[in-house]
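Protein chains in written order, with the numbering used here: chain A, 138 to 294; chain B, 35 to 451. Glycine residues also receive a C-beta, built at the ideal position from the N, C-alpha and C atoms.
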Amino acid sequence: MIKGKAIKFGNNIDTDQIIGAHHLSLATIQAMAPFTFEHHAHFITHFTRGDILVGEENFGCGSSREQAPAVLKERGVAAIVACGFARIFFRNAINLGLRLIVCAEAAEIMELDMLEIDNDCLRNLTTGRDHEIEPLPPFVREILDCGGIIPYLQGKN
Amino acid sequence: MNVIEKILASHTEEAAIHPGMIVKVGLDYVMANDATACLAIDIFKNELLADRVYDPGKVILCMDHYTPSSSIAAADSHNKMRAFAGEQRLRYVYDGQGVCHQLMMEHHVRPGQLIIGADSHTCTYGALGALATGMGSTDVAVAWKEGRIWMKVPEAVRITVTGTWPAYVQAKDLILKIIGDLTAKGATYKALCFDGPAVRALGISERMTLSNMAIEAGAKFAYIQPDDRTEAFLQGAGRSEYPVVVDDEDAEYERSLEYDISNLAPQIAYPHSVDNVGDITAFAGLALDELFLGACTNGRYEDLAVAAAILKGKKIAGGVRFLVTPASNAVYLRALASGLIATFIECGAMIGTPGCSACFGGTGGILGKGERLLTTANRNFKGRVGSPDSEIYLASPAVVAASAISGCITDPRRILQ
């Protein structure tokens, strides 16, 4: 079970906003992590380890930079809930073992709402509402359950 | 099967495949650049504990996003790539010779190939009838080791374009119009197949502008069926051997869209999302600080030629900066030889080193607070080219050239009047 407060974003959150181009040449993800969402004041003010990011449509669009989900994981994002994810970001996040939740009603969640995610249910403890989660394809779920594509491949060999 | 499924199937052990199926595919090339390769090198060595890449002739590295090295961190990452290329004896390493996608198209891509790249605009190679898509550094590291990767077979969407191209209306205007209609998520996980007489009328350069921006609607692949123009391009590049793959008679497409470009106006994508698109008439007169002609979207010889024809003998407006960056050294040499570069310099432009330049925000052309850029690049995300308080507008080479003269967004069709 995952429990944390929501840090809320809108539509089309692109990977340039998650980690800017001029930071990508830094040597490690740890060195880039302090610049995560550096121009989003609410993230900087409210986010603490274990929180849940909530977006609306097309979260993670744009560049293929894996540094985007990697810095989110490094900062301790417990899960990302959105109405939908961009393709490359979705794949990169699953590869890193970062939990993604597709939820058609994600837009109803507000900044700082307390959320609880348990199997196929997303519960908003602040509003008392339950939201349905779209199940991940079994193959993707298997990668996520292994903790990412590398542990998954190591398990196969 | 449709042509997308047939090309994918030819890279698997499956006889027939269908959309939604997850397949393991063999890869013809795996490309990475200096924004993504170093992370892949770390994963390859430290997590996959891999020794050798699957084929040193198929793993291609390109330094283009931070070239010439724009910081100590960039210089260190370039050296890390050079060391890896040496250890692995990679056959193709492009060290500051242009944008990765332009170089892949000039030197490597053939119809029917399946290619991944650690760069979202890898879908550009569909202009030559290859299937190519962007992935992250972990997928690329896995592909370096195994030469294979998993893919979900996409649904295909056919976009048929008819009509006659109006003067000063270009492929860029068409693809912006399409993205505006589809929205930034409208083609997520789909293959976008461009066809019809108005696409056939385009050269490879403008076809690349279409395929390049398919990702801006979320697409996995772009595809343009090879024809005589493709054959002529490949003959010129010394790559005449490739399979001819076409739709089966029972080929299925998820949906078909139709566009007639006869009455299309030049288009503008306004901040901060590529699907914010409108006719240029709504933006005419908007004052600019910087203009950029270049990128894998529109940095080719044909793009420079359209702009130079508008700018010849003119001067850019006072108070604006105009940066022109050829997409590759080959483009640069040709533009030097034919006098295009002289035209740009004489009108007041700066010439950048071939590479991603002011598209990516990794090298020159960074915007300050409150500044406004008009660019031929493919993204107008908030803060992509510098300050989060700057604004980026996307347009065609003709619009950028006409606007450089006036210093504000200007409809190039006014030149005809």
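If I measure Cβ to Cβ from residue i and keep anything under 7 Å in the same chain, skipping five residues before and after, which residues do I get?
| i | result |
| --- | --- |
| B/Q131 | L137, S362, N363, P388 |
Taking only beta-carbon atoms, is residue i less than 7 Å away from chain B?
| i | result |
| --- | --- |
| A/C240 | no |
| A/D188 | no |
| A/A244 | no |
| A/C283 | no |
| A/I306 | For chain A, the structure presents residues 138 to 294; residue 306 of chain A sits outside this window and is missing. |
| A/F276 | yes |
| A/E279 | no |
| A/R224 | yes |
| A/E194 | yes |
| A/I144 | no |
Between residue i and chain A, is the shortest Cβ-Cβ distance under 7 Å, so that the two count as touching?
| i | result |
| --- | --- |
| B/Y88 | no |
| B/E81 | yes |
| B/P422 | yes |
| B/G398 | no |
| B/R418 | yes |
| B/S307 | yes |
| B/T222 | yes |
| B/D153 | yes |
| B/I56 | yes |
| B/S111 | yes |
| B/G252 | yes |
So residue i is in the beta strand (DSSP E); what residue range does that whole segment cover?
| i | result |
| --- | --- |
| A/H268 | 266 to 269 |
| B/G184 | Note on residue identity: the sequence assigns Trp, not Gly, to residue 184 of chain B. Residues 182 to 186. |
| B/M97 | 93 to 97 |
| B/R406 | 406 to 409 |
| B/Y427 | 425 to 428 |
What in chain B is Cβ-close to residue i, meaning under 7 Å?
| i | result |
| --- | --- |
| A/Q204 | L73 |
So, for residue i: in the same chain, excluding its five sequence neighbours on each side, which residues have a beta-carbon less than 6 Å away from its beta-carbon?
| i | result |
| --- | --- |
| B/E189 | P53, K224, E288 |
| B/L291 | I193 |
| B/A435 | A341, I344, L345 |
| B/S421 | L401, G402, K403 |
| B/R241 | A161, I258 |
| B/A383 | F356, V358 |
| A/F226 | G197 |
For a contact defined as C-beta to C-beta under 8 Å, what are the partners of residue i on chain A?
| i | result |
| --- | --- |
| B/F415 | D151, D153, Q154, G199 |
Mind listing the chain A neighbours of residue i? Cutoff is C-beta to C-beta under 7 Å, in chain order.
| i | result |
| --- | --- |
| B/S105 | S162 |
| B/M458 | Outside the displayed range of chain B (35 to 451) lies residue 458 of chain B, so it cannot be described from this structure. |
| B/V59 | Neighbours of B/V59 on chain A: none; closest Cβ ~14 Å, over 7 Å. |
What in chain B is Cβ-close to residue i, meaning under 8 Å?
| i | result |
| --- | --- |
| A/L233 | T172 |
| A/A158 | A69, H99, F394, G395, G396, R418 |
| A/G221 | K219, T222 |
| A/H176 | K416, G417, P422 |
For the alpha helix (DSSP H) that contains residue i, what are its first and last residues?
| i | result |
| --- | --- |
| A/R228 | 224 to 232 |
| B/I106 | 106 to 121 |
| B/F267 | 262 to 270 |
| B/Q301 | Segment 301 to 303 is the beta strand (DSSP E) holding B/Q301; no alpha helix (DSSP H) there. |
| B/D337 | 335 to 345 |
| B/F317 | Here B/F317 belongs to no alpha helix (DSSP H), and DSSP marks it neither H nor E. |
At 9 Å on the CB atoms, spell out the chain B contacts of residue i, in chain order.
| i | result |
| --- | --- |
| A/H183 | Residues of chain B passing the Cβ test: none, with the nearest at roughly 18 Å. |
Identify, in the order they occur along the chain, each residue of the same chain with its Cβ nearer than 8 Å to the Cβ of residue i, setting aside the five sequence neighbours on each side.
| i | result |
| --- | --- |
| B/V365 | G132, Q136, G333, R334, Y335, L338, P388 |
| B/I183 | K58, V59, L61, I150, M169, D173, V176, A177 |
Just checking residue i against the ligand MG - is the residue's beta carbon closer than 6 Å to any of the ligand's heavy atoms?
| i | result |
| --- | --- |
| B/G220 | Within the structure as shown, the ligand MG is missing, as the structure has no ligands at all. |
Review point. Would the segment 144 to 157 of chain A and the segment 401 to 415 of chain B be scored as touching if the rule is three or more Cβ pairs under 8 Å?
Key: yes
Exercise for review: Would you check if there are 3 or more beta carbon pairs closer than 8 Å linking the segment 400 to 410 of chain B to the segment 108 to 121 of chain B?
Suggested key: no
Exercise for review: Kindly confirm or deny that the segment 49 to 69 of chain B and the segment 312 to 319 of chain B touch, where touching means at least three C-beta pairs closer than 8 Å.
Suggested key: no
Exercise for review: Spell out a yes or no on whether the segment 274 to 287 of chain A and the segment 230 to 244 of chain A are touching, meaning 3 or more CB-CB pairs, one atom from each, closer than 8 Å.
Suggested key: yes
Review point. Does the count of Cβ pairs from the segment 272 to 280 of chain B and the segment 138 to 158 of chain B closer than 8 Å reach three?
Key: yes
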